[in-house]
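As they're listed, the protein sequences go chains A and B.
The first sequence lines up with residues 1 to 175 when you count with the working numbering.
The second sequence lines up with residues 176 to 332 when you count with the working numbering.
Ideal Cβ positions, reconstructed from N, Cα and C, are used throughout, including at glycine.
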Amino acid sequence: MNDPKPRLFMPALLGGAAAGLLSGIPFVNCCCCLWIIGGAALAAYLLWKDSPIVLSSGDGALVGAFAGILAAFIRALISIPFRPMEEVLTKKIMEYFADYMKQMPAQLSDLMNQGNEPVSLAVIFFGLLISAALCAALGALGGVIGIALCGKKTRPGAQSAPQQPGPLPPPPPQP
Amino acid sequence: MRIERKIAIIYWSTLLITSFWLGAIGAAPYLRSQASGVAPLIYSCFSTVCHQIPSRSFHLFGFPLAVCARCLGIYAGFLGGLVLYPFQRGFSSVRLPKPAFFWIVSAPIAIDAIANRLGFWTGSNVLRFATGFLWGSILPFYFLTGLGELALRAHKK
């Protein structure tokens with residue numbers, strides 16, 4: 001009898017959406033790669049919760065990788081409307097330092113200048129591919145961790161070998 | 176192809192990619208010191224997984240590494256775990272570590288990150304690197320197990 005394959009799409013979508021949103025919103029995306037790993041672990045948990053079959057670490061890796069890829073694309077979309085806001089904020093901070101400081105600290109200057117250089121569409125596309133590949137790897141890791149932390153799930157009604165017949169019930173008492 | 180060989184291929188590929196990854200992290204400041212046009216591309220690639228705050232990063236050749244100290248610790252720990260993996264697990268089987276082990280090893284980095292975030296203390300980059308290294312060292316035992324199990328499943332088919 002063949003086990004049904006676990007349905008990966010919805011758990012991966014939900015986990016990837018959570019990871020993509022949190023890693024794309026400014027000031028919230030401070031946890032580096034942990035949002036991707038966490039989102040993938042969430043996807044693995046959702047898969048484990050509703051799965052009628054016993055899941056393996058490979059299933060976690062698959063759903064986590066899908067969640068990571070989705071997170072990369074969702075993050076890229078989410079960050080688009082926030083980019084003008086970040087540029088305005090950066091400009092305000094630079095004006096503040098220009099008013100009150102003769103020389104901006106080199107580290108702050110570097111931080112301000114990061115991401116402000118114009119980039120071509122090819123670089124953006126290449127960056128998205130790299131990001132998706134990286135998020136897939138991180139997601140696979142998160143998915144395996146999620147399955148590992150969920151623990152083993154007993155398959156309902158599963159029988160690995162024919163059961164030995166139990167003892168017969170005692171006969172009913174004679175009237 | 177025997178399953179041991181499949182898992183060995185996965186292992187060596189992961190080791191190679193991780194080494195290249197760490198090499199890129201260290202090459203970024205050097206290339207930047209040489210005014211290379213490749214440096215911004217490297218920093219941009221790593222910006223997807225790291226905030227790259229200069230004060231939270233180690234510096235090389237006068238410029239910050241491509242990732243912060245905590246991320247560097249995680250990736251360096253991952254490499255360390257990879258080196259340790261064959262001696263702990265070998266290539267003939269795959270099994271996950273116990274959940275309690277994960278929570279114990281994750282506690283230091285979680286406490287340090289949360290305490291920093293809430294302002295209880297401002298740890299040093301060395302502490303961030305150390306807690307990241309500890310956590311990163313167990314990650315290969317999950318990553319390779321997942322990929323190895325997929326290889327095992329494909330082998331059985």
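- request: Let me know the alpha helix (DSSP H) ranges lying completely inside the region 266–328 of chain B, each 4 residues or longer, listed in chain order.
  value: 274–293, 300–311
message: If we define contact as Cβ-Cβ less than 7 Å, is residue 221 of chain B a contact residue for chain A?
response: Residue mapping note: residue 221 of chain B aligns to position 46 of the second sequence, counting from 1. Not an interface residue.
DSSP state of residue 236 of chain B mapped onto helix, strand, coil: Taking the first residue of the second sequence as position 1, residue 236 of chain B is located at position 61. In this structure, residue 236 of chain B counts as coil in the three-state DSSP scheme.
message: Give me the chain B residues within the contact set of residue 149 of chain A, using Cβ-Cβ distance strictly less than 9 Å, ordered along the chain.
response: Counted from its first residue, the first sequence places residue 149 of chain A at position 149. Taking the beta carbon of residue 149 of chain A as reference, the chain B residues within 9 Å of it are 274, 277, 278, listed in sequence order.
message: Distance check for residue 282 of chain B and residue 79 of chain A, CA to CA, integer angstroms please.
response: Position 79 of the first sequence holds residue 79 of chain A. Position 107 of the second sequence holds residue 282 of chain B. In this structure, the CA atom of residue 79 of chain A is about 31 Å from the CA atom of residue 282 of chain B.
field: Proximal chain B residues relative to residue 130 of chain A, where beta-carbon distance stays under 8 Å
entry: Within the first sequence, numbered from 1, the residue matching residue 130 of chain A stands at position 130. In chain order: 220, 223.
Backbone secondary structure at residue 65 of chain A - three-state DSSP: Taking the first residue of the first sequence as 1, we reach residue 65 of chain A at position 65. Residue state, collapsed to three classes: helix.
- prompt: Expressed to the nearest angstrom, what Euclidean distance is found between the alpha-carbon atoms of residue 182 of chain B and residue 211 of chain B?
  reply: Residue mapping note: residue 182 of chain B aligns to position 7 of the second sequence, counting from 1. Residue mapping note: residue 211 of chain B aligns to position 36 of the second sequence, counting from 1. So the two alpha carbons sit approximately 38 Å from each other.
message: Please classify residue 297 of chain B as buried or exposed, where buried requires at least 16 neighbouring CB atoms within 10 angstroms.
response: Mapped onto the second sequence, residue 297 of chain B falls at position 122. Result: exposed.
- prompt: Quick one, are the C-beta atoms of residue 149 of chain A and residue 272 of chain B less than 7 Å apart?
  reply: Within the first sequence, residue 149 of chain A is the residue found at index 149, counting from 1. Within the second sequence, residue 272 of chain B is the residue found at index 97, counting from 1. Their beta carbons are not under 7 Å apart, which means residue 149 of chain A does not touch residue 272 of chain B by this criterion.
- prompt: Closer than 7 Å, CB to CB, is residue 325 of chain B near chain A or not?
  reply: Locating residue 325 of chain B in the second sequence gives position 150, where the first residue counts as 1. Cβ-Cβ to chain A under 7 Å: yes for residue 325 of chain B.
- prompt: For residue 159 of chain A, which residues from the same chain have a beta carbon less than 8 Å from its beta carbon, with the 5 sequence-adjacent residues on both sides left out?
  reply: In the first sequence, counting from the first residue as 1, residue 159 of chain A sits at position 159. Legend: pLDDT at residue 159 of chain A = 39, less than 50; position of this residue unreliable, value from coordinates given subsequently. No residues qualify anywhere along the chain.
- request: Answer with buried or exposed for residue 278 of chain B, where buried requires no fewer than 16 other C-beta atoms within 10 angstroms of its C-beta.
  value: The residue labelled residue 278 of chain B in the question sits at position 103 within the second sequence. Residue 278 of chain B comes out exposed.
query: Counting Cβ pairs closer than 8 Å, one from the region 11–23 of chain A and one from the region 59–69 of chain A, do we hit at least three?
result: yes
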